[in-house]
Amino acid sequence: MPEGLEAEIWTRAAQTLVGRTIERVWCDQRVAPPGFVDLLNGSTIGGVWRRGKVVLVETDGPTLGLHFGMTGRLEIDGAAPITRLEYASNRDRAAWDRLRLWTKATNDTSPSERPALRMNDPRRLGRLSLDPDLSGLGADCLTLSADELIAGLGRRSGAIKPTLLDQAVVAGLGNLCADEVLFHAGVAPRRPADSLTGDDIDAISEQCRLRLPVMLAAGGSTHGDLSPEVRAAVGACPLDGAPLDRTSINGRTAVWCPAHQR
DNA sequence: CGGCATGTTTCGCC
DNA sequence: AGGCGAAACATGCC
-13 MPEGLEAEIW
-3 TRAAQTLVGR
7 TIERVWCDQR
17 VAPPGFVDLL
27 NGSTIGGVWR
37 RGKVVLVETD
47 GPTLGLHFGM
57 TGRLEIDGAA
67 PITRLEYASN
77 RDRAAWDRLR
87 LWTKATNDTS
97 PSERPALRMN
107 DPRRLGRLSL
117 DPDLSGLGAD
127 CLTLSADELI
137 AGLGRRSGAI
147 KPTLLDQAVV
157 AGLGNLCADE
167 VLFHAGVAPR
177 RPADSLTGDD
187 IDAISEQCRL
197 RLPVMLAAGG
207 STHGDLSPEV
217 RAAVGACPLD
227 GAPLDRTSIN
237 GRTAVWCPAH
247 QR
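Reading the first sequence from the start, the letters are residues -13 to 248 in our numbering.
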């Protein structure tokens, strides 16, 4: 579930936490740095931001970084902004909780029973961090310009799709969004990065700015033309009706249309 | 049981 | 030195 779009949805929903003071923290210590609970406890939340796929909860103490891995998800004040779930059954076991964070309002001295922030992650590939180093991230996918893409690609020469998934090249693109952007840009996922023309660069960056916000408004990275259902069926291309192709590139499934992606 | 999964990090090899 | 690709990580689902 979590790509940059999901991080953006959660970030927006978490704005309601700004101004609150953290009064209790619980975490799965296997996914948190040493001293995590004590370092965060008592801090007041000053802002919630997103950088690529990372959600940042800034406080007057450390900044909390939420990294969702493959199956992480976030609940704010008991509500899940994203309801489309990874698993069909047993979808929200307490044993999969990795972070529970309670806050108190300025005029409220009684602790609320329900965590203000709860991260649940079945596969436990997600991580919690404090003051994460984000200096290695490339330009953000939602606002990517052609110049930023050129700078991010540098002298890279590998297949464009896995290159786009490198967060140092572009921040926030995941497997589904990368396929969707290339699909609409008309660029084949195996095209060597150094073979792209100026038009290809323009098309990819433009589709990041145009297509990703559409998916965001529709609910996230699973709401593109290459939805999970379309990806699984590998039927006709939604754009031209030609047969879609599903193949593995560097260990990740790529779905694309050989007819219009060149 | 085998294969697959929206991600990141590590390691060996150019 | 830096890029590339495969493997590892961890767990659930079909």
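In this text, a Cβ means the ideal position worked out from N, Cα and C, and glycines have one as well. Since this is a predicted model, take the numbers as computed values, not measurements.
In the DSSP output, what is residue i paired with across the bridge?
| i | result |
| --- | --- |
| G51 | L42, S115 |
| D107 | DSSP lists no partner for D107. |
| E61 | R104 |
| A222 | P229 |
| R36 | V41 |
| V241 | R232 |
| H88 | A small correction: the amino acid at residue 88 is Trp; His does not occupy that position in the sequence shown. Partner(s): R10. |
| I190 | None; I190 has no bridge partner. |
| I31 | T45 |
Tell me the rounded alpha-carbon separation between residue i and residue j.
| i | j | result |
| --- | --- | --- |
| V220 | P48 | 46 Å |
| G144 | L159 | 17 Å |
| P148 | I235 | 7 Å |
| R36 | L114 | 14 Å |
| G33 | R(-2) | 11 Å |
| A174 | D180 | 13 Å |
| R142 | V155 | 9 Å |
| R176 | P199 | 25 Å |
| H53 | P229 | 36 Å |
| R232 | L(-9) | 23 Å |
| V43 | L50 | 5 Å |
| D77 | T183 | As written in the sequence, residue 77 is Arg, which differs from the Asp given in the question. Those two C-alpha atoms are separated by around 44 Å. |
| S121 | G112 | 19 Å |
| A0 | P67 | 9 Å |
| V40 | L103 | 15 Å |
| T129 | Q193 | 10 Å |
| I136 | F169 | 19 Å |
| G140 | T89 | 44 Å |
| E215 | P108 | 22 Å |
What is the DSSP secondary structure of residue i, reduced to helix, strand or coil?
| i | result |
| --- | --- |
| R10 | strand |
| V200 | helix |
| A66 | coil |
| D211 | coil |
| R16 | helix |
| V4 | coil |
| D83 | strand |
| R248 | coil |
| G206 | coil |
| D78 | coil |
| E(-11) | coil |
Taking residue i as the reference, give the member of the options with the closest Cα.
| i | options | result |
| --- | --- | --- |
| R16 | L42, D83, E(-11), T69 | D83 |
| I253 | S131, P178, V216, E61 | Coverage of the chain is limited to positions -13 through 248, which leaves residue 253 absent and any answer about it impossible. |
| G55 | A0, D231, S29, N161 | N161 |
| I146 | P108, Q247, D231 | Q247 |
| T12 | P67, L87, G64 | The residue you asked about is not Thr; residue 12 is Trp in the sequence shown. The option with the nearest alpha carbon to W12 is L87. |
| R197 | P214, D185, I187, A171 | A171 |
Sequence ranges, beta strand (DSSP E) only - wholly within the stretch 100 to 188, length at least 3 = Counting only runs of 3 or more, we get 103 to 106, 113 to 116.
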